[in-house]
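I have placed the structure first, in the form of structure tokens, so that the comments after it can refer back to it.
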Amino acid sequence: MSTTLDPAPVQPSQRTAPRQRAFGLVVAAASVPMFMATLDNLVMTNALPVLHRDLGASVEELQWFVNAYTLAFAGAILLASALGDRFGRRTVFAIGIAVFGIGSVLAAVSTDPSQLIVARAVQGLGGAGIFPLSLALLSGGVAPERRPLAIGIWGGVSGLGVAVGPLVGGAIMEGWNWQAIFWLNVPIAILAIPFALWALRNDRGARVRLDLIGAVMIAPSVVLLVHAIVRGNDDGWGSFGVIAELVAGLALLAGFVAWQARASAPLMPLRLFRDRSFTVTNIAGFGFSFGTFGAIFLLIQYMQVVQGASPWEAAVRTTPWTLAPMVIAPLAGLLAPRVGTRLLMVVGLVMQATALIWLAAILGLDTPYAAMVAPFVIAGVGMGLVFAPSATALLATLGIVDHAKASGVNSTVREIGLALGTAVLTAIFLGAGGELVPDLYVEAARPAVFVGGIVLVISAIVALWLPSGRSAASHARGRNTP
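The working numbering numbers the first residue of the sequence shown as 19 and each following residue consecutively.
Structure below.
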């Protein structure tokens with residue numbers, strides 16, 4: 019059943035001048051916390067060797083520094099989105115920032131691996147309240163005609179986090195105190211909370227009771243599936259534990275879908291998937307995360323293992339790729355109403371695919387970095403063309419009342435795509451005999467990166483089923499205008 023919407027889920031008084039802040043303030047208030055969380059997660063990945071040395075962490079514990087965040091984040095996203103609809107998106111967003119800040123303090127004062135793992139899980143819970151509600155608050159807080167630009171800037175800020183994360187991680191690897199990556203979040207969180215409470219409206223979705231049964235089913239389902247994915251390479255995809263988690267996760271997911279079809283106030287309204295733009299954007303977004311981030315993981319290691327770059331040098335070398343979205347995403351947001359989201363997404367995905375296939379073809383023992391710059395730039399431009407238009411396409415024909423749940427679904431799908439892409443491409447790498455020595459690394463990295471490119475080709479083909487985007491943008495203005 020579909021959720022019964024409140025006749026006036028967003029009161030007109032909420033849209034009067036006293037609550038409508040300046041465009042730049044709304045964009046900043048919604049984007050800065052997302053930047054904080056994006057930066058922190060990417061820095062953590064690059065800081066693992068330092069944590070291994072300073073905390074005496076085992077390889078398994080190093081994996082859990084990343085996985086604890088991923089599992090908590092993925093398992094709580096839909097619930098956080100529903101809580102935002104029920105109690106106010108700004109309220110839950112601010113709580114998410116606070117929880118992330120508390121997790122950062124706990125991480126910074128950790129003295130052993132188990133403490134850091136718990137702290138990372140707390141950060142993941144906070145991140146679940148930040149990411150989906152950030153987009154929903156941004157979309158509802160600006161005038162419809164300026165929404166594509168706002169989402170473009172939001173995508174650029176996300177791209178900045180992607181770009182700066184490896185650089186900060188590289189600096190830490192060169193000797194910076196690892197606790198600084200967590201302490202850095204604390205003043206940002208302290209300032210971001212009152213800023214968000216002042217600049218953003220406390221919009222709500224449909225005022226219905228919380229779907230606790232759905233929450234109890236989906237959270238462990240996502241956790242089991244993601245955990246099975248991240249441990250598949252280590253334990254073996256045919257191991258009893260991995261298979262048991264996959265079966266249990268899929269069974270819970272099937273039960274969740276069945277419950278959502280009959281619940282009076284579903285956590286994830288299945289009617290959203292009747293919207294072609296929403297459904298196609300999620301499928302394409304899954305492929306984008308799968309192919310792109312799985313390949314980035316291997317390529318950064320290639321520059322260190324084969325080309326002899328230090329972690330800092332490898333991070334700097336990726337900037338033609340990682341900095342481009344910061345510039346391109348806002349431009350794509352401006353272009354979306356004129357040329358359509360479909361064209362931008364298809365072109366962006368094709369550029370990403372072309373870059374990965376090109377890189378797979380030229381990877382070798384003696385490949386100079388200069389030969390990688392052109393495909394890196396193409397990949398960066400392609401990423402920027404996907405970031406903002408995909409967010410616009412996701413919400414294009416949905417009412418504001420559904421934005422938080424729609425964004426929550428998309429964040430969950432992308433997180434699973436990232437985890438699965440990294441696991442599958444790493445499995446291909448290992449299956450091809452890959453090891454952390456130059457000759458074996460090159461021979462195994464080629465097919466893995468190539469597969470990432472093929473997944474992006476498939477995603478581009480899927481994106482052709484999107485509405486053109488120009489008519490969708492016009493339709494969205496009609497539906498979402500206050």
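Just so it is clear, CB atoms sit at the ideal spot from N, CA and C, and this is done for glycine as well. Everything numeric in this text was worked out from a predicted model, so none of it was measured.
Nearest to A445 by alpha carbon, out of T430, G273, V467? Sorting T430, G273, V467 by C-alpha distance to the C-alpha of A445 places V467 at the top.
Which of helix, strand or coil DSSP assigns to W82: Helix.
Is the stretch 196-216 touching the stretch 401-408 in the sense that three or more CB pairs, one from each, lie closer than 8 Å? Taking 8 Å as the limit for Cβ pairs, the verdict is that the stretch 196-216 does not touch the stretch 401-408.
With a CB to CB cut of under 7 Å and the five nearest residues on each side skipped, what residues in its chain are close to V460? Cβ neighbours of V460 beyond the five flanking positions: V324, L381, G382, L383.
Looking at L97 and A233, is the spacing between their C-beta atoms short of 7 Å? A233 is a Cβ neighbour of L97, given a cutoff of 7 Å.
What is the DSSP secondary structure of A441, reduced to helix, strand or coil? Under the three-state reduction of DSSP, A441 is assigned to helix.
Once DSSP output is grouped into helix, strand and coil, what is the label at T299? Three-state result, T299: helix.
N195 burial status per 10 Å Cβ neighbour count (16 or more: buried): So N195 counts as exposed.
G102 versus I199: straight-line alpha-carbon distance, rounded: As the crow flies, the alpha-carbon of G102 is around 28 Å from that of I199.
Near T337, what residues of its chain come up, given a Cβ to Cβ distance below 7 Å and the 5 sequence neighbours on each side ignored? Cβ neighbours of T337 beyond the five flanking positions: A181.
Identify, in the order they occur along the chain, each residue of the same chain with its Cβ nearer than 8 Å to the Cβ of T56, setting aside the five sequence neighbours on each side. Excluding residues up to 5 positions away in sequence, S176, G179, V180, G183 lie with their Cβ nearer than 8 Å to the Cβ of T56 in the same chain.
Completely contained alpha helix (DSSP H) runs for the stretch 110-191, where each covers 4 or more residues: Correct list: 131-159, 165-191.
Does the Cβ of W376 have 16 or more other Cβ atoms within 10 Å, making it buried, or fewer, making it exposed? W376 is buried by the Cβ-count criterion.
Hey, would you say G484 sits closer than 7 Å to R356, going by beta carbons? A small fix is needed here, since residue 484 is Leu in this sequence, not Gly. At the C-beta level, L484 and R356 stay beyond 7 Å of one another.
Beta-carbon gap between A90 and A139 smaller than 7 Å: Yes.
Looking only at its own chain, which residues have a Cβ that is under 7 Å from the Cβ of S429, when we skip the five neighbours before and after it? Closer than 7 Å at Cβ, skipping near neighbours: I95, F149, P150.
D72 in three-state terms, based on DSSP: In the structure shown, the three-state DSSP call for D72 is helix.
Taking the runs of the alpha helix (DSSP H) that are 4 residues or longer, which of them lie wholly in the stretch 253-328? As far as the stretch 253-328 is concerned, its whole alpha helix (DSSP H) runs of at least 4 residues are 258-280, 294-323.
Excluding the five sequence neighbours on either side, which residues of its own chain have a C-beta within less than 8 Å of the C-beta of L352, listed in chain order? Correct list, in chain order: P166, L167, G170.
Can you give the Cα-Cα distance for D221 and L143, rounded to whole angstroms? Spanning the two alpha carbons is a distance of roughly 21 Å.
Find out if the Cβ-Cβ distance for the pair S477, L367 is shorter than 7 Å. Closer than 7 Å, so yes.
I'd like the list of long-range same chain contacts for G147, defined as Cβ closer than 7 Å, with 5 residues on each side in sequence excluded. Exclusion of the five residues before and after G147 leaves A98, V110, F111, I113, G114, V117 as the residues of its chain whose Cβ lies within less than 7 Å of its Cβ.
Cβ distance (whole Å) where M363 is taken to contact P407 below 8 Å: For M363 against P407, the beta-carbon gap comes to about 5 Å, under 8 Å, which counts as contact.
Residue closest to A313, alpha-carbon to alpha-carbon, out of L73, E331, G470: Looking at the Cα atoms, G470 is the closest of the given residues.
Taking only the alpha-carbon atoms, compute the straight-line gap between A512 and F296 and give it to the nearest angstrom. Residue 512 cannot be examined here, being either before or after the span of the chain that is shown, 19 to 500.
Can you tell me the Cβ-Cβ gap for M369 and I396, rounded? I've got them flagged as a contact below 8 Å. Correct: roughly 5 Å between the Cβ atoms.
Considering only the alpha carbon of each residue, which of A437, A379, V365 lies closest to V475? Taking the Cα of V475 as reference, the smallest distance to any Cα among A437, A379, V365 is reached at V365.
Run of the alpha helix (DSSP H) containing Q370, from where it starts to where it stops: Unbroken alpha helix (DSSP H) run through Q370: 359-380.
Would G187 and V61 be called neighbours here (beta carbons separated by less than 7 Å)? Taking 7 Å as the Cβ cut-off, G187 and V61 qualify as a contacting pair.
CA-CA distance, V84 and L228? C-alpha separation (whole angstroms): 30 Å.
Any Cβ of chain D within less than 7 Å of the Cβ of A139? Of the chains in the structure shown, none is chain D; there is only one protein chain.
C-alpha gap between R495 and L156, whole angstroms: Low confidence applies to R495: its pLDDT is 46, below 50, so where it sits in the model is not reliable enough to give any reading.
Could you compute how far the alpha carbon of R219 sits from the alpha carbon of M344? Whole-angstrom Cα-Cα distance: 26 Å.
In three-state DSSP terms, what is D384? DSSP places D384 in coil when its eight states are reduced to three.
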